[in-house]
Amino acid sequence: MGDHSGTETSVAGELVIYTDGASRGNPGPAGIGAVILDETERVVAEISRGIGIATNNEAEYLALAEALEKARSLGARRVRVYVDSELVARQLCGEYAVRSDRLRPLIARVQALRRGFDACPVRHVRRAMNARADELANMGIDAASVTRAEELEGPRP
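Sequential numbering from 325 applies to the sequence shown in my numbering.
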């Protein structure tokens, strides 16, 4: 499925971003998903792709990084980010320590991207509030799994 986007236009105002990362196995096949909305709640972009083998937390941070990169490319100066990972939200605001060496470079990437915006608060929301991003993350895993199966099986007659 890859990266697919809604109608992409340059945005001068604030964008709202919902992100999610998913892993089946933790670590296992993983995917990322994000929905980016403009101030009128119109979808301006969606991200859905497999990322290979990763932990759930790695996928969460990769989803956030890619969504911030997309928002920047759309011209946003301010974003509001919603994640359903309490760990990610609390690590980014300094409430939780980062213990995983594997997460440190991902967190550094996200923090660097956040500094590129005039405002970039990250808030935790319940999973139900993040349903579309969750769906996109799982679609990313499924699409990557289908592609991998086709590679292993070879061309069909």
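Heads up, the beta-carbon is just placed ideally off N, CA and C, and yes, glycines get one too.
Scanning the stretch 337–406 for uninterrupted beta strand (DSSP E) segments of 3 residues or longer gives 338–347, 352–361, 367–378, listed from N- to C-terminal end.
Here residue 423 has no same chain residue with a Cβ atom under 6 Å from its own Cβ, once five neighbours each way along the sequence are excluded. By the criterion of a C-beta distance shorter than 8 Å, residue 414 is surrounded in its chain by 420, 448, once the five residues flanking it on both sides are discounted. Within the same chain, 345, 409, 412 come within 6 Å of residue 384 by CB-CB distance, once the 5 residues on both sides are set aside.
Its Cα nearest to that of residue 391, the residue 341 stands out among 468, 453, 341, 463. The beta carbon of residue 458 is closer than 6 Å to those of 344 in its chain, skipping five residues each way along the sequence. A straight-line Cα-Cα distance of about 11 Å links residue 352 and residue 469.
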